[in-house]
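Shown next, in C-alpha coordinates, is the structure this report addresses.
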Amino acid sequence: MTPLDGLAHRPLRPIWLCRLDANPWPCGEAKLVLLATFADDRPALLALLSRLQREAEDHLTQLDSGRSNNLTDRFLSWAQPPDH
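Structure follows, in C-alpha coordinates:
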(Lines of atoms letter the chains of each structure in order from A; the text may use other names.)
(Lines give C-alpha, C1' and ligand atoms only; values in the text may rest on other atoms or scores of the structure.)
Protein backbone atom coordinates (compact mmCIF):
# COMPACT_ATOMS: atom_id res chain seq x y z
CA MET A 1 0.00 0.00 0.00
CA THR A 2 1.30 3.48 -0.89
CA PRO A 3 0.34 6.87 0.57
CA LEU A 4 -1.68 7.56 -2.59
CA ASP A 5 -3.85 4.44 -2.31
CA GLY A 6 -6.34 6.14 -0.01
CA LEU A 7 -6.68 9.26 -2.16
CA ALA A 8 -9.76 9.70 -4.28
CA HIS A 9 -7.86 12.27 -6.37
CA ARG A 10 -5.02 10.05 -7.62
CA PRO A 11 -2.80 10.65 -10.64
CA LEU A 12 -3.56 8.99 -13.94
CA ARG A 13 -0.18 7.84 -15.14
CA PRO A 14 1.57 8.52 -17.50
CA ILE A 15 -0.30 11.75 -18.25
CA TRP A 16 -0.40 12.92 -14.62
CA LEU A 17 -3.92 14.27 -14.58
CA CYS A 18 -6.30 13.72 -11.68
CA ARG A 19 -8.48 10.65 -12.17
CA LEU A 20 -11.54 12.48 -10.80
CA ASP A 21 -11.39 16.07 -12.02
CA ALA A 22 -8.86 15.86 -14.91
CA ASN A 23 -6.79 18.74 -13.51
CA PRO A 24 -3.00 18.49 -13.48
CA TRP A 25 -2.05 16.29 -10.54
CA PRO A 26 -1.68 17.07 -7.72
CA CYS A 27 -5.00 18.87 -8.08
CA GLY A 28 -6.35 21.17 -5.38
CA GLU A 29 -8.23 18.41 -3.57
CA ALA A 30 -5.20 16.10 -3.59
CA LYS A 31 -3.05 18.89 -2.16
CA LEU A 32 -5.51 19.49 0.69
CA VAL A 33 -5.70 15.79 1.57
CA LEU A 34 -1.92 15.35 1.35
CA LEU A 35 -1.31 18.37 3.59
CA ALA A 36 -3.78 17.01 6.15
CA THR A 37 -2.39 13.47 5.96
CA PHE A 38 1.20 14.64 6.42
CA ALA A 39 0.42 17.54 8.79
CA ASP A 40 2.85 16.19 11.39
CA ASP A 41 5.53 15.04 8.94
CA ARG A 42 6.17 17.65 6.26
CA PRO A 43 9.61 16.16 5.38
CA ALA A 44 7.91 12.85 4.50
CA LEU A 45 5.41 14.71 2.30
CA LEU A 46 8.21 16.54 0.49
CA ALA A 47 10.13 13.27 0.01
CA LEU A 48 7.04 11.60 -1.45
CA LEU A 49 6.30 14.53 -3.74
CA SER A 50 9.92 14.70 -4.88
CA ARG A 51 9.83 11.02 -5.86
CA LEU A 52 6.52 11.50 -7.67
CA GLN A 53 7.84 14.62 -9.42
CA ARG A 54 10.77 12.65 -10.85
CA GLU A 55 8.39 9.93 -12.03
CA ALA A 56 6.06 12.49 -13.63
CA GLU A 57 8.96 14.30 -15.33
CA ASP A 58 10.15 11.00 -16.82
CA HIS A 59 6.67 10.10 -18.08
CA LEU A 60 5.84 13.55 -19.45
CA THR A 61 9.24 13.90 -21.13
CA GLN A 62 8.65 10.60 -22.93
CA LEU A 63 5.18 11.72 -24.01
CA ASP A 64 6.48 15.10 -25.18
CA SER A 65 9.13 13.81 -27.60
CA GLY A 66 11.98 14.25 -25.15
CA ARG A 67 11.17 17.85 -24.23
CA SER A 68 12.09 18.40 -20.60
CA ASN A 69 9.38 19.30 -18.09
CA ASN A 70 10.12 21.22 -14.89
CA LEU A 71 7.39 20.37 -12.43
CA THR A 72 8.85 21.89 -9.25
CA ASP A 73 6.07 24.44 -8.77
CA ARG A 74 3.39 21.86 -9.48
CA PHE A 75 4.78 19.23 -7.11
CA LEU A 76 6.86 20.92 -4.42
CA SER A 77 6.43 24.68 -4.04
CA TRP A 78 2.94 24.49 -2.53
CA ALA A 79 4.06 21.90 0.04
CA GLN A 80 6.85 23.97 1.59
CA PRO A 81 6.24 24.93 5.21
CA PRO A 82 4.79 28.48 5.57
CA ASP A 83 7.94 29.79 7.25
CA HIS A 84 10.17 28.52 4.43
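By UniProt numbering, the letter at position 46 of the sequence shown is numbered 46, and the numbering carries on one by one without gaps. Even glycine gets a Cβ: it sits at the ideal position worked out from N, Cα and C. No experiment lies behind these values; they were computed from the predicted model shown.
Status (buried if at least 16 other CB within 10 Å, exposed otherwise) for residue i
i, result
"P3", "exposed"
"A22", "exposed"
"Q53", "buried"
"P81", "exposed"
"L48", "buried"
Residue i vs residue j beta-carbon contact at 8 angstroms
i, j, result
"L34", "P26", "yes"
"S50", "L76", "yes"
"H59", "E29", "no"
Which listed residue (the options) has its alpha carbon closest to that of residue i
i, options, result
"I15", "E55, L76, A30", "E55"
"L17", "E57, S68, T37", "E57"
Helix, strand or coil at residue i [DSSP, three-state]
i, result
"L48", "helix"
"residue 141", "Outside the shown range of the chain (1 to 84) lies residue 141, about which nothing can therefore be said."
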